[in-house]
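First residue of the sequence shown? That's 1 in UniProt numbering, and the numbers climb one at a time after it. Backbone N, C-alpha and C define an ideal beta-carbon position, used for all residues, glycine too. The structure displayed is predicted, hence computed values, not measured ones.
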Amino acid sequence: MTNISLKNIEMQIALPRTHDAGKIQDLLNQRNQQIQDQLAHSIQKEVDLKRTQVSQNNESDKLSLKKDQSQQHHEQNKKKKKEQKKEENPDHPYKGKKIDFFG
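The following block contains the structure:
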């Protein structure tokens, strides 16, 4: 019978500790969940920020591409004008380009 009485005493001590351990475990689980939620929220903010930065970079790239295209278009127009002038005044096969004033 002494074994039974010791077990009853042990159970009287163990039950409240089990209850406290359950509360502590629950709090730890909630804390971990809160940390995970905060991390997910911060990652979502970073993703949104990166998404908008990419859009801004694409817009600046588009502007630079438009500038490059306009410069190329301008150069092509110059070349076309030069070719048109050459076609209007073709070089004569036996006349020179220089005029001799002293001759």
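Inter-residue spacing [alpha-carbon to alpha-carbon] between residue i and residue j
| i | j | result |
| --- | --- | --- |
| I43 | I35 | 12 Å |
| residue 105 | Q38 | There is no way to answer for residue 105, as the model of the chain reaches only from 1 to 103. |
| Q33 | R51 | 27 Å |
| F102 | G96 | 16 Å |
| S64 | Q71 | 11 Å |
| Q30 | N8 | 33 Å |
| K82 | D61 | 32 Å |
| E10 | E46 | 53 Å |
Exercise for the section: Please specify which runs of the alpha helix (DSSP H), each continuous and at least 4 residues long, are wholly inside the stretch 61-98, giving them in chain order. Expected result: none
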